[in-house]
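Chains as they are written, first to last, in our numbering: chain A, 1 to 312; chain B, 1001 to 1296; chain C, 2001 to 2434. Where a beta carbon is used, it is the ideal one built from N, C-alpha and C, also for glycine. What follows is a short report on a single structure.
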Amino acid sequence: MTTEAKSLPTPIPARPRRRGGRVRRQQKRAAWLFMLPSIAVLGVFVVYPMSQALYLSFTRYDVLNPAVWLGLKNYTDLPGDPAFTNALANTLYYAAVTTPLSVGLALALAVMLNQRIPWRALGRTAVFLPVVLGLAIVAIAWSFLLDPDIGLLSYWLGNIGLTSNQGWLRDPNLAMPAVMLVGIWKNVGFYMVIYLAGLQSIPKDLYEAARIDGAKGWQAFRHLTWPLLANQTMLVTILCATATLQAFDQIYVMTRGGPYFKTETLVMLIYRQGFSEFRFGYAAAISWVLVLLILILSLGQLVYFRRRAVTY
Amino acid sequence: MATTGNTQGSAVERVRTTSSKPHNPHRMRRVVMGAVVLIVSAAMLLPLVWMILTSFKPEVDIVTYPPQLFPRHLTFQHYLDVWNRIPFARLYLNTIIFAGGVTIISLVLDSMTAYALARLQFPGRDVVFIAVLIMLMLPFQVTLIPLYDLLVSFGWTDSLHGLIIPRATNAFGIFFLRQFFLSLPKDLEEAARVDGAGEFRIYRQIVMPLAVPALLTLGLFHFMYNWNDLLWPLIVNQDQAHATLPSGLALFMGQHVVEYGLLMAASVMALVPVVLFFLLIQRRFIEGVATSGMKQ
Amino acid sequence: MTRFSRRQFTAMALGVALGVTGCAGQGASKNASDGQSTGGGAVEMSFWNGFTGPDRATVEALVKQFNQSQKKVQVKMEISPWDVFFQKLLPSISAGKGPDLMGMDAAQLPQYASRGVLRPLDDYYSKNADSKNLIPAAVDAAKWDGKSYGVPMNFTTLELYWNKDMFKAAGLDPNKPPANWDEFASMATKLTKDTNGDGKPEQYGLSIADHATIAMWPILLWGNGGGVVSEDGKTSLLGDPKTIAAADKWATLVRDGHVSPVGLGGADADKLFQSKKAAMEIVGPWMTTGFKDAGIDFGLAPVPAGPAGPVTLGTSVAFAVNAKTSDAKANAAQQFIAFWNQKDSQTSWALGSGFPPNRTDISAQDLAKNPFIAAFGEHADSAKFYLKNVKDFSKINDTVFEPALQKLLNGKGSASDLFGKASKDAQAILGQSK
């Protein structure tokens, strides 16, 4: 079954086995020409500031006065800094919960909204729309809705007997779940669209064949859909993990990292160290630790998924 | 494939049609699924619905208890006042130019680089890819100031090119399209290469047409990201003449008093292009454009 | 080598002479290099501040009036939300593209003055006789290390709003707001109603914010003779027994007595009073319009006095001048500041924004059109400024005081433990800053 699913028609006749040196050189030249504009822009406007940020991470820098070389001090200070360990723990917690939930929910929604069911178009639109809304304004909407005293949601829930004294955003125990929920709500549509595209590129006759062989519903999903979506799953998981480890926007507008730093993530800490306390060198050091963390996780995911990649 | 196991297949078919299962479970299932979709949609859209309805409420009715979703009195005054309070038309134009410009240029540059990374063999390919990935991982808070200093040294502040060119290509876009290109079947391209077609022709005439759904998705993403970006345009431009919509909206948020009605009305009006863009590409998905060339 | 003809030489000389005379005629700058004046002699000066929201109209009107009233100085103003303002400020200044004039909370001045960003403005006060009419507390708030770095742009105190209808319904005299802590506590308790017994009041006696707000809790600490940091900005008062007693008293009332919700931000507190779910709030003049439009019959009174006597918060946004700006533009800035603070400007500022005037010589009659204004300027003498003279304002408030307060309100420890530890942390920060 699975081997059948993977071996799609290959109409290519025997192709030249040996790639001539000329072809390789042509490809090489073409490749660099293709990449030249991007490399130029990225080199100047991304790589160069990044290298500055790297340099600054070894200094004490408050923007107004020249940077003072500190060597590794910023980095060695990190493990002993409770603000850093707190932010690191919060970030890992946030990513570990939000990523699987987002990916799973995106997949479930995509599968559901790929079928011929009523209101399908409305559903797709509704799930994707939060992605395009500006977060600053939407946060105001959420704070009105979630206000435990005058908010709509609290009012409706109160009418059916579910009251909450402090509400989501003010309760130290509920603030992080609230921020996670808003994060998932905001982004799941984007991942769903990626999955939808993937689902629609699976030929329908494969499902026909599977059904004839007696597999439908959950079995068809597990043995046909899921493996064929491996590329999309890899893309979505890496994108989502990278994004959630850098969670900042909804935290900044909804809780500012509070109550008492319960929702402060690494990027929130970076912002605070830089713009509130003028410690840009230290903020830069935290950023590079974050990069390392994300890099390790992404490479791990790449390796994991490469084995399962779908190629044609 | 469909013709294998002929007798077996038809036996299964026969069993199915002669079974006494009524059609109700199918309909029931569809109705239940429809209801689920409605509930999910309502949950996802609640903040937006709140925003729209609030924009039609008189200011005094917005902060009130008990809270009401639907306006007791309808007013269009906020929509009219927005145009007097901020230079809305100019902000709109500036934002269209900024977001639109970045999107179009970015799609071209991102796809070219993604094509090279996905389809062309060259030494250092993996290094470039990893470098692109790393660019996704550094938060902008840390590169903001060095980037700003760079722009100042070029004299590019308060200018359109200073606003657009640093965003003309995007690590996210490159990564996204590379993954997409990898999932496209190679047969057409290989055939064209054997026939001696140049890489640019292959890119333009074979790969890009197949990539339309991904390009639309990425284009929407770039567009809405830049459309909603508050900090970057404000940092680059000191001049009010170049300001974009988010900065205009922010003017309704005072330190102590937020003018909710005006803010919601302006936000709803600011949303229209992005939502329109989305609805347009949404149709392409429904029509099942993502064929990825399964030609036999 | 070319030799100029006599004619050419004369022409050149004439040209140079005219040029020099022209420059001298402007008389605006002593430094030849940064004249930066437009042809007609006007000095263009950039002014950044964060007055978004309803105040913006009044600020813009005054700037426009200034620009139209004379041609020597033109103010080019840019308004953005406060957090963006501060994010932009550092990089712009360091790249030499900062504003000439800025408006920022007086509490932020030490952070920037101590880093050499701001120009001392003592000469403004000595040159400008009219500046004697400015409210002394506000002028004092803009000083750092013995020098003035700001001139008041706005000033207000916080006063007690009370909802007369809710007082009546609770059996209290609607015209007698609490005057001292005993009354304050007992009335707040009486006004807190949990009619359905689910542990969550449907109506709160008080609406007080503990983060993201204008400072409300420090007023309670001052009321007992305590505080957060001493007036000279050198000693932490968080460990002081008077501070701890005050914190404990009011935290118990809020946390256990539920007289106010826990975890309110400033905006939440305002919304609570505005939607008639809370009977009292200590806040500034910016809410009078909103409360009035919501149909609340409210009164304004001084904050109930604690054992240490009447006290309230004073808060002020101050004009500050960029240290890197040229003398010409600095003078232009001072000209604008003087215009802003003169009598008729201040009268229209007060009437337009609802803030009390920065001057002591504007009578209640002049402000009769808006009867609430006077109440906010009346108690300038008992006003204290939060974290005055403290160089690391953000650090102490955001990382020491507010977290300790929030933990206390969430029952994570006793006042003496939490504030005791906070005091040590605060003192460490105060000790470091030089």
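Which residues DSSP lists as bridging residue i, in chain order
{"i": "alanine 83 of chain A", "result": "The partner list for alanine 83 of chain A (beta bridge, DSSP) is empty, contrary to what the question assumes."}
{"i": "proline 2310 of chain C", "result": "BP columns for proline 2310 of chain C are empty, so no partner."}
{"i": "arginine 60 of chain A", "result": "A:Val68"}
{"i": "aspartate 2105 of chain C", "result": "C:Val2317"}
{"i": "leucine 2134 of chain C", "result": "C:Arg2359"}
{"i": "serine 201 of chain A", "result": "Paired residues: none, contrary to the question."}
{"i": "tyrosine 2161 of chain C", "result": "C:Glu2281, C:Leu2300"}
{"i": "tyrosine 2204 of chain C", "result": "C:Ala2278"}
Cα-Cα separation, residue i to residue j
{"i": "proline 1058 of chain B", "j": "leucine 1074 of chain B", "result": "7 Å"}
{"i": "alanine 2106 of chain C", "j": "glycine 2266 of chain C", "result": "19 Å"}
{"i": "glutamine 2074 of chain C", "j": "leucine 293 of chain A", "result": "51 Å"}
{"i": "glutamine 301 of chain A", "j": "tyrosine 75 of chain A", "result": "26 Å"}
{"i": "phenylalanine 2376 of chain C", "j": "proline 2177 of chain C", "result": "16 Å"}
{"i": "serine 2275 of chain C", "j": "methionine 180 of chain A", "result": "29 Å"}
{"i": "serine 1106 of chain B", "j": "isoleucine 39 of chain A", "result": "12 Å"}
{"i": "glycine 167 of chain A", "j": "glycine 151 of chain A", "result": "10 Å"}
{"i": "tryptophan 2349 of chain C", "j": "phenylalanine 2336 of chain C", "result": "14 Å"}
{"i": "valine 289 of chain A", "j": "methionine 2045 of chain C", "result": "42 Å"}
{"i": "alanine 2383 of chain C", "j": "leucine 2191 of chain C", "result": "27 Å"}
{"i": "serine 2326 of chain C", "j": "tyrosine 2125 of chain C", "result": "19 Å"}
{"i": "leucine 1231 of chain B", "j": "glycine 2197 of chain C", "result": "47 Å"}
{"i": "serine 2353 of chain C", "j": "lysine 2369 of chain C", "result": "12 Å"}
{"i": "methionine 234 of chain A", "j": "leucine 1138 of chain B", "result": "20 Å"}
{"i": "valine 188 of chain A", "j": "alanine 283 of chain A", "result": "30 Å"}
{"i": "leucine 2418 of chain C", "j": "alanine 2137 of chain C", "result": "32 Å"}
{"i": "aspartate 2194 of chain C", "j": "valine 132 of chain A", "result": "41 Å"}
{"i": "alanine 2333 of chain C", "j": "aspartate 2100 of chain C", "result": "7 Å"}
{"i": "glutamine 1121 of chain B", "j": "glutamate 264 of chain A", "result": "43 Å"}
{"i": "methionine 1028 of chain B", "j": "glycine 1034 of chain B", "result": "10 Å"}
{"i": "serine 1267 of chain B", "j": "tryptophan 2222 of chain C", "result": "42 Å"}
{"i": "serine 2033 of chain C", "j": "isoleucine 1235 of chain B", "result": "Note that serine 2033 of chain C scores a pLDDT of 38, beneath 50, so its modelled location is shaky; the value from the coordinates is reported in the next line. Those two C-alpha atoms are separated by around 27 Å."}
{"i": "alanine 1270 of chain B", "j": "proline 2081 of chain C", "result": "19 Å"}
Below-8 Å beta-carbon distance, residue i vs any chain A residue
{"i": "leucine 1230 of chain B", "result": "yes"}
{"i": "proline 1209 of chain B", "result": "no"}
{"i": "glycine 2431 of chain C", "result": "no"}
{"i": "isoleucine 1165 of chain B", "result": "yes"}
Cβ shell of residue i (< 7 Å), same chain only, five flanking positions each side left out
{"i": "phenylalanine 1172 of chain B", "result": "Leu1136"}
{"i": "alanine 2183 of chain C", "result": "The residue you asked about is not alanine; residue 2183 of chain C is glutamate in the sequence shown. Closer than 7 Å at Cβ, skipping near neighbours: Pro2304."}
Anticipated Cβ contact below 8 Å, residue i with residue j, distance rounded
{"i": "alanine 141 of chain A", "j": "methionine 1051 of chain B", "result": "5 Å"}
{"i": "aspartate 2210 of chain C", "j": "leucine 2430 of chain C", "result": "Rounded, the Cβ-Cβ distance is 22 Å, inconsistent with contact."}
{"i": "leucine 2408 of chain C", "j": "alanine 2247 of chain C", "result": "6 Å"}
{"i": "arginine 2115 of chain C", "j": "leucine 64 of chain A", "result": "5 Å"}
{"i": "isoleucine 2214 of chain C", "j": "valine 2303 of chain C", "result": "Not really, about 13 Å apart at Cβ, beyond 8 Å."}
Closer than 8 Å to chain B by CB, residue i
{"i": "alanine 2107 of chain C", "result": "no"}
{"i": "methionine 35 of chain A", "result": "yes"}
{"i": "tryptophan 168 of chain A", "result": "no"}
{"i": "valine 132 of chain A", "result": "yes"}
{"i": "proline 118 of chain A", "result": "yes"}
{"i": "arginine 279 of chain A", "result": "no"}
{"i": "threonine 265 of chain A", "result": "no"}
{"i": "proline 2091 of chain C", "result": "yes"}
Residue i at chain C interface by Cβ criterion, 8 Å
{"i": "leucine 1080 of chain B", "result": "no"}
{"i": "aspartate 62 of chain A", "result": "yes"}
{"i": "serine 51 of chain A", "result": "no"}
{"i": "serine 1055 of chain B", "result": "no"}
Cβ shell of residue i (< 8 Å), same chain only, five flanking positions each side left out
{"i": "isoleucine 1164 of chain B", "result": "Phe1098, Gly1101, Val1102, Ile1105"}
{"i": "alanine 108 of chain A", "result": "none"}
{"i": "leucine 113 of chain A", "result": "Arg120, Gly123, Arg124, Val127, Met192, Leu196"}
Residues near residue i in its chain [Cβ-Cβ closer than 6 Å; skip 5 each side]
{"i": "aspartate 2366 of chain C", "result": "Thr2347"}
{"i": "serine 2069 of chain C", "result": "none"}
{"i": "phenylalanine 84 of chain A", "result": "Leu78"}
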